[in-house]
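First the structure, in the form of structure tokens, and then the observations on it.
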């Protein structure tokens, strides 16, 4: 099939969102000295990666991809990541906060808030500083959470990568200000205006590959905090009294660290199923994530501290 | 599947408490697109009188929820059977006009809320103000929701009176369509469904109007595309960009601006094979048949596209941030994908956003709108804003902090510059310099009043003169008694003072002289602008660093005493800032004897001139 017939198949909305995201990526490549693209291996990352390839084709992606590995990611995510890097041939940087191993920081011993702060937020700050990246492209969407709805597409971070919601630059037309003051860096969100459904419809229409954990399959899980936690590495998880592993047909709506990613009971076994499932969904996407429900406004607090 | 309608970007605006967030929240609720956890939030969070808090779905930031107001633009997407929407929810506070401007810049339509209970006795100033901003930014459609009709007894008279007053107040503004609808956002009347409470209203509900809106672009069919960058693949150069208007086909002849070149479209690359054509709003990667060495900032356009080119423009500007707009100051300028340095050469009027009345003004503060003229350091391709938002909208950016200070809209380009042709005199700068056997340069001394700048400059000039250099000294006070005698000490006047002084210094350097210039020149951004007027190695910034207490104790002219007494306003160090140089070419300790400093400076200058 030639590309032209395939582009025709993109709905006018997806075509507009795609063009906007490509425009933003090109502005980032042109406006910064050392940009990097976050690669979290999830579905949004699959879309970002595809858009970046399209944006610069036939030249290769002009910036490296950065994965913050907490060492608690699903095994399937890591193998998917490495296969993608090899097949597509992008430059991949993997960073883990060394203090994690040193102090044995796990989601079980530290609680999700503290753990996320050290292994994700702090690790990200370390990696950005270490490589001197002045802009980081991320896959966050405005529909994910209310504080994200107010963030700019080009979002300035002050010294220490902090986000000041009250001091955001006005963002007019498609005229993005890529200038930085002293000590500032930029976070860039090309998927800002996408929704979860857009992401899946785009994956469907562009025939993109995603980690199979998104598809329903029988997996070993335990019931915890109102959701199902998959035993990705069973010997690393201590079961509470009353908890017992069961095999269940589940899938994930979002992927992160396996002890913090809630699975849902759902039958969707391929991308087309997922699209229909989301169209009928009754719960928003971040519901499965345990880290956002720690406290009211918790995402906003994390973002102020530098979380993506 | 029927072809869906194009994505619609809406701006929702109105005063605080008019119920903007509530209306959007209610619309999502009635559309049945809220998720269970969002519905649970509605159940949990209720208003003081126990009704569901629809606004809480949108007012996302903690600070806002505590103050029960929206402080920043929130973007929200939703989908109906007909089309996809992106709503920019703009805050109603008067001081947050900048957020509204942000939302309006991209909007296809504005949803403007009016609180019927407050507008009964006359529209609030913000309502007119917001309409004016929408018209100014070129929002084509405006939908006026007269809200809280439940609290106004669902009265037709109340609605009709408000509608009539509104239409009268905006009669001079240009919109493609204006609709007025009586609603109750909280009750859902005329939001998604017609209201049983207001049978006298025969028109469409808010959602029906939105679903039917036609966003067909202006019938501008000629091709135009700003280049975002160049990607190289082997020896091939690919021009990346998004098509702004028209269609581009392989084989088409295109013009390029500002390079003035022409080319032929050879290939349109795509990851799964080349394209034959590309349409408006499509991101493309173009290879020209000719090896044209152009890059970011260039615009590709078909010969029928009415692209203009200018370095002098008249524009409206919305000031967004501190510091205030100052005449003569230079800013980083961004339009499309092109960049330049811009100087504000004229600030003609400030526009009152409540009445559109224009009054002469010398400065613009955040949230002010004015008419200005700008001079750019190079010619850029552009269009009047009324014809193209993308090639007529620009930003003025602070050269140091990088923050977005102003958003401008090109009204028209000035062709004034065409009538000024610098005459090419045959005796060049190099010739003058060779005659004097020296390399001309400008040595710029900055520092507080009484820091010793002029004393050091005087001694240095004498030493250089004795060594056979052709040298001249420019001094702030001396220039102010002649060339700059019309200028005072406000920020705007100081900027102009320094601009003129640096132009004089430049002429003297062109004449082959070594120029010693001593000026307080308190603003970093202005000193940076001076440096950019000179080629590298021809301008040196010397910081005469003397502590304020010492300068004040010297006070040979009695100025500090007057400033302390409050009779001398805007005095640097006392009532106006001095921004220290961060990387001066020479940092001199003003506590040392002037003779030693002069010696140090002479050594610095002779070394710099010889090494060059």
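Chains as they are written, first to last, in my numbering: chain X, 7 to 314; chain A, 1287 to 1898.
For each residue, glycine too, the CB sits at the ideal point set by N, CA and C.
Since residue 75(X) meets chain A, which of its residues come closer than 9 angstroms, beta carbon to beta carbon?
As a first step, residue 75(X) is located in the first chain; it is residue number 69 there, counting from the start. Contacts between residue 75(X) and chain A, judged by CB atoms closer than 9 angstroms, are missing: the closest CB pair is about 28 angstroms apart.
How far does the beta strand (DSSP E) with residue 1598(A) in it reach, from first residue to last?
Reading the second chain from its first residue, position 312 is the one you call residue 1598(A). Segment 1594-1605, the beta strand (DSSP E) holding residue 1598(A).
Pick helix, strand or coil for residue 1669(A), following the three-state DSSP scheme.
Within the second chain, numbered from 1, the residue matching residue 1669(A) stands at position 383. Residue 1669(A): coil per DSSP, three-state reduction.
What residues in its chain sit with their C-beta under 8 angstroms from that of residue 1296(A), if we drop five residues either side in the sequence?
Translated into the one-based positions of the second chain, residue 1296(A) becomes position 10. These residues qualify, in order along the chain: 1371, 1372, 1373, 1374, 1393, 1394, 1395, 1396, 1397, 1496.
Under 8 angstroms Cβ to Cβ from residue 203(X), same chain only, skipping five residues before and after it: list those, please.
Stepping through the first chain from its first residue, residue 203(X) is reached at position 197. So the list reads 281, 284, 285, once near-sequence residues are dropped.
Just to make sure I have the definition right: I need the residues of chain A whose C-beta is within less than 9 angstroms of the C-beta of residue 142(X). Which are they?
Looking up residue 142(X) in the first chain gives position 136. Simply none; closest approach about 17 angstroms.
Answer with yes or no whether the minimum CB distance from residue 1519(A) to chain D is below 8 angstroms.
In the structure shown, chain D does not exist; the protein chains are X and A.
Got a sec? Which residues, its chain only, sit under 6 angstroms from residue 51(X) by beta carbon, not counting five neighbours each side?
Taking the first residue of the first chain as 1, we reach residue 51(X) at position 45. Closer than 6 angstroms at the Cβ level, and outside the excluded window around residue 51(X), lie 45, 145.
For residue 1478(A), which three-state DSSP category applies?
As a position in the second chain, residue 1478(A) is number 192, starting the count at 1. Residue 1478(A): coil per DSSP, three-state reduction.
Measuring straight from C-alpha to C-alpha, what distance separates residue 1612(A) and residue 135(X)?
Working through the second chain from its first residue, we reach residue 1612(A) at position 326. Working through the first chain from its first residue, we reach residue 135(X) at position 129. Spanning the two alpha carbons is a distance of roughly 36 angstroms.
Given this structure, state the Cα-to-Cα distance separating residue 1588(A) from residue 1576(A), to the nearest angstrom.
By one-based count along the second chain, residue 1588(A) stands at place 302. By one-based count along the second chain, residue 1576(A) stands at place 290. Each residue's Cα considered, the two are about 16 angstroms apart.
For residue 225(X), list the residues DSSP reports as bridge partners.
Along the first chain, one-based indexing puts residue 225(X) at 219. Paired residue(s): 254(X).
Could you give the residue range of the beta strand (DSSP E) that holds residue 1627(A)?
Taking the second chain and counting its residues from 1, one reaches residue 1627(A) at position 341. Segment 1624-1637, the beta strand (DSSP E) holding residue 1627(A).
Are residue 1594(A) and residue 1730(A) close, meaning C-beta to C-beta below 8 angstroms?
Counting from 1 along the second chain, the entry for residue 1594(A) is found at position 308. Counting from 1 along the second chain, the entry for residue 1730(A) is found at position 444. No, these two residues do not count as a Cβ contact at 8 angstroms.
Counting Cβ pairs closer than 8 angstroms, one from the segment 1459-1471 of chain A and one from the segment 1417-1432 of chain A, do we hit at least three?
yes
Report the residue ranges of all beta strand (DSSP E) runs contained in full by the segment 1377-1457 of chain A; include only those spanning at least 3 residues, in chain order.
Runs of beta strand (DSSP E) with 3 or more residues, each lying fully within the segment 1377-1457 of chain A, are found at 1395-1401, 1427-1433, listed in chain order.
Below 8 angstroms between beta carbons: does that hold for residue 1501(A) and residue 1292(A)?
Position 215 of the second chain, counting from 1, holds the residue named residue 1501(A). Position 6 of the second chain, counting from 1, holds the residue named residue 1292(A). It is a contact, given that the beta carbons lie within the stated cut-off.
Going straight from the alpha carbon of residue 244(X) to that of residue 1323(A), what length do you get?
One-based indexing of the first chain puts residue 244(X) at position 238. One-based indexing of the second chain puts residue 1323(A) at position 37. Between residue 244(X) and residue 1323(A), the C-alpha separation is close to 30 angstroms.
Which residues does DSSP pair with residue 1727(A) in a beta bridge?
For the purposes of this step, residue 1727(A) is taken as residue 441 along the second chain, with counting starting at 1. According to DSSP, residue 1727(A) bridges with 1800(A).
Quick one: which chain A residues come within Cβ less than 7 angstroms of residue 32(X)?
Within the first chain, residue 32(X) is the residue found at index 26, counting from 1. Near residue 32(X) (Cβ distances below 7 angstroms), the residues of chain A are 1514, 1515, 1526.
Taking the beta strand (DSSP E) that residue 1324(A) falls in, what are its first and last residues?
Position 38 of the second chain, counted from the first residue, corresponds to residue 1324(A). Careful: residue 1324(A) lies outside any beta strand (DSSP E), inside the alpha helix (DSSP H) at 1322-1330.
Using a cut-off of 9 angstroms between C-beta atoms, extract the partners of residue 1557(A) located in chain X.
Counting from one through the second chain, the residue named residue 1557(A) turns up at place 271. Per Cβ cutoff of 9 angstroms: 9, 56, 59, 60, 63, 64.
If the cut is a Cβ gap below 7 angstroms, which residues of chain A does residue 149(X) touch?
The count along the first chain starts at 1 and reaches residue 149(X) at position 143. 1363, listed in chain order.
Measuring CB to CB, does residue 1539(A) end up less than 8 angstroms from residue 1548(A)?
Along the second chain, read from residue 1 onward, the residue named residue 1539(A) stands at position 253. Along the second chain, read from residue 1 onward, the residue named residue 1548(A) stands at position 262. In contact: residue 1539(A) and residue 1548(A) (Cβ atoms closer than 8 angstroms).
Measure from the C-beta of residue 121(X) to each C-beta in chain A and report whether the shortest distance is under 8 angstroms.
Here residue 121(X) is taken as the residue at index 115 of the first chain, counted from 1. No, because no Cβ of chain A sits closer than 8 angstroms to the Cβ of residue 121(X).
With respect to the beta strand (DSSP E) encompassing residue 1527(A), which residues constitute its N-terminal and C-terminal limits?
Position 241 of the second chain holds residue 1527(A). Residues 1522-1528.
Residue 1329(A): buried (16+ other C-beta within 10 angstroms of its C-beta) or exposed?
Locating residue 1329(A) in the second chain gives position 43, counting from the first residue. Classification for residue 1329(A): exposed.
Mapping the DSSP letters down to three states, classify residue 1862(A) as helix, strand or coil.
For the purposes of this step, residue 1862(A) is taken as the residue at position 576 of the second chain. Correct three-state label for residue 1862(A): strand.
Run through the DSSP bridge pairs and tell me what residue 1751(A) is partnered with.
Stepping through the second chain from its first residue, residue 1751(A) is reached at position 465. Note: residue 1751(A) sits in no beta bridge, so no partner.
With residue 238(X) and residue 81(X) assumed to form a contact (beta carbons below 8 angstroms), what rounded beta-carbon distance in angstroms separates them?
As a working note, residue 238(X) is residue 232 in the first chain. As a working note, residue 81(X) is residue 75 in the first chain. Confirmed, Cβ separation roughly 6 angstroms.
Tell me the DSSP secondary structure of residue 1518(A) in three-state form.
Against the second chain, residue 1518(A) aligns to sequence position 232. In this structure, residue 1518(A) counts as strand in the three-state DSSP scheme.
When you check each C-beta in the segment 1383-1397 of chain A against every C-beta of chain X, which residues fall closer than 8 angstroms?
1384, 1385, 1387, 1388, 1391, 1392
Going by DSSP, which residues form a beta bridge with residue 1828(A)?
In the second chain, counting from the first residue as 1, residue 1828(A) sits at position 542. 1731(A), 1872(A).
Should the segment 1809-1819 of chain A be called in touch with the segment 1828-1841 of chain A, which here means at least 3 C-beta pairs below 8 angstroms?
no
How far does the alpha helix (DSSP H) with residue 1532(A) in it extend, from its first residue to its last?
Residue 1532(A) sits at position 246 when you count from the first residue of the second chain. Segment: none, residue 1532(A) is in no alpha helix (DSSP H) and carries neither H nor E.
Please work out which residues of its chain come closer than 8 angstroms, Cβ to Cβ, to residue 1868(A), disregarding the five sequence neighbours upstream and downstream, and give them in chain order.
As a position in the second chain, residue 1868(A) is number 582, starting the count at 1. These residues qualify, in order along the chain: 1810.
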